[in-house]
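Participant: Below you'll find the structure I mean.
Below, the structure written as structure tokens:
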């Protein structure tokens, strides 16, 4: 019999939509949050956008007093989401004067270039920090 010691980190990605207790949440905002959650889930697991359906239990909705939270969890080492790093890289370029518009206002193609650069950077950093395989 062997004993294995493990530490697993669970990361929860949340997308919150304000909800008034009397009127609920705006359906357009819930739709935007769902789209962002779906995109983030696919990016996290390397699934093509618009490709295969994600598992039914992959993303959950949690009603709270003043918001609706849409979330999913991953296990393993914590990793900065590529979309978050893409926004940070774009903001860095904006502040450095390489462009003058916010990430949200960039074209889809420009945003995709930032996401690709962010994914490559994260994968490189993650690979360098993996324990050596024996």
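Residue numbers (my numbering): 1 to 134.
Cβ coordinates follow ideal geometry from the N, Cα and C atoms, glycine included.
Comparing C-alpha positions only, which one of 90, 118, 97 and 96 sits nearest to residue 105?
Facilitator: Measuring from the Cα of residue 105, the nearest candidate turns out to be 90.
Participant: Taking the straight line between their C-alpha atoms, what separation do you get for residue 14 and residue 2?
Facilitator: About 37 Å.
Participant: Would residue 132 be called buried (16 or more neighbouring beta carbons within 10 Å of its own) or exposed?
Facilitator: Confidence is the limiting factor: at residue 132 the pLDDT is only 48, short of 50, which leaves the residue's position unreliable and the question unanswerable from this model.
Participant: Please list, in chain order, all residues of the same chain as residue 17 whose beta carbon is under 7 Å from its beta carbon, the five residues on each side excluded.
Facilitator: So the qualifying residues of the chain are 25, 29, 30, 33, 67 and 68.
Participant: Look up residue 20 in the DSSP assignment and give the residues it is bridged to.
Facilitator: The partner list for residue 20 (beta bridge, DSSP) reads 24.
Participant: Rounded to a whole number of angstroms, what is the C-alpha to C-alpha distance between residue 86 and residue 70?
Facilitator: Those two C-alpha atoms are separated by around 21 Å.
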